[in-house]
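Structure, as structure tokens:
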Amino acid sequence: MKLLYRLYQLLIALPIIIIATTLTAIVTIIGCTLGKARTWGYYPAMVWSRLMCWVMLLPVKVEGRELLDKKQSYVFVANHQGAFDIFLIYGFLGRSFRWMMKKSLRGLPLIGKASESAGHIFVDKSGPKAIHKTYEQARAVLRHGVSLVVFPEGARTFTGHMAKFRRGAFQLADELGLPIVPITIDGSFDVLPRQRGFNFVTWHKLRLIIHAPITPEGQGPEEVQRVLEQSYETIMRDLPLHHQGFEANPDQ
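For the sequence shown, this note's numbering assigns the number -17 to the initial residue and increments by one for each residue that follows.
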């Protein structure tokens, strides 16, 4: 069965993924250039992400979408298990949002340009002015129900366990008075663990658990730390036991 699944990936799934990714990037770039980036920067990628999970025959379970207010902007924070995190959130969160992503991703052929056209925010840590510009971009995005998605670990896990959370997303939410929504991603590490070079996908169930928004109770460093710790504990609690517990990530 394992051999058949790998043959299926090479002969059927991979060509579909290459074509779908190319078309999605082109449609996103053209659509956002013509206008309505909120529409063209989200829906083509949502369909593409759902297709990725469908073509790889991966079942997806989503919990908690009913906890969100459609008119409210949020800062979503999620653990970073693997490459399929992108497909889970884009395809199944059910919200128009922008990513806060590594600056290096801008250099990816087509995908980098499509991400830039869609208005996703590339984190530039080259100096105080660059960091300030990144924050200003995020502030401009978080309006009219558009939300922001951040992986506070900043890097995918090597073990399936969570590393420390950085404070940036929580400080931004604190400054703008926005609720933080923790998201637990489970199964992505089992589907495609992080390693160098090409690797086959392993069949495994995927779960996207959207937790109740954490409403701000004030502002300042203490409030930022409170929300960060609560988010971390909430996300950790819904991971399977073998992935619970802190483990340092050398890539942070």
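For every residue, glycine included, the Cβ atom is placed at its ideal position computed from N, Cα and C.
Would you call the CB atoms of residue i and residue j closer than 7 Å?
| i | j | result |
| --- | --- | --- |
| Y214 | F133 | no |
| F171 | Q54 | no |
| V163 | L174 | no |
| A19 | G101 | yes |
| P26 | V37 | no |
| T4 | W30 | no |
Assuming residue i is part of the alpha helix (DSSP H), what are its boundary residues?
| i | result |
| --- | --- |
| I191 | It is not in any alpha helix (DSSP H) - I191 instead sits in the beta strand (DSSP E) that spans 188 to 192. |
| R80 | Unbroken run through R80 is the beta strand (DSSP E), 79 to 84; no alpha helix (DSSP H). |
| E45 | No alpha helix (DSSP H) holds E45; the beta strand (DSSP E) holding it covers 42 to 45. |
Over what stretch of residues does the beta strand (DSSP E) that includes residue i continue unbroken?
| i | result |
| --- | --- |
| S55 | From DSSP, S55 is part of no beta strand (DSSP E); its letter is neither H nor E. |
| T141 | Where T141 is concerned, there is no enclosing beta strand (DSSP E), given that its DSSP letter is neither H nor E. |
| I236 | Because the chain here runs from -17 to 234, residue 236 falls outside it and cannot be looked at. |
| V183 | Taken as a continuous stretch (DSSP letters only), V183 belongs to no beta strand (DSSP E), as it is neither H nor E. |
Kindly list the residues whose CB is nearer than 7 Å to the CB of residue i, restricted to its own chain and excluding five residues on each side of it in sequence; keep chain order.
| i | result |
| --- | --- |
| V206 | R149, F152, Q153, D156 |
| R47 | G76, I192 |
Using only the alpha-carbon positions, how far apart do residue i and residue j sit?
| i | j | result |
| --- | --- | --- |
| R77 | M(-17) | 36 Å |
| Q226 | H143 | 6 Å |
| V131 | K111 | 22 Å |
| Y56 | R121 | 12 Å |
| G17 | F69 | 24 Å |
| C14 | S99 | 6 Å |
| R219 | N231 | 19 Å |
| A181 | L90 | The residue you asked about is not Ala; residue 181 is Asn in the sequence shown. Roughly 19 Å between the two C-alpha positions. |
Could you name the residues that DSSP lists as bridge partners for residue i?
| i | result |
| --- | --- |
| S249 | Since the first residue shown for the chain is -17 and the last is 234, residue 249 is missing from the structure and cannot be characterised. |
| V105 | K84 |
| F228 | M144 |
Whose C-beta lies closer than 6 Å to the C-beta of residue i among residues of the same chain, with five residues either side of it excluded?
| i | result |
| --- | --- |
| H186 | G169, D172, V173 |
When every heavy atom of the ligand NAD is checked, does at least one fall within less than 6 Å of the C-beta of residue i?
| i | result |
| --- | --- |
| E157 | The ligand NAD is not among the ligands present in this structure, which contains no ligands whatsoever. |
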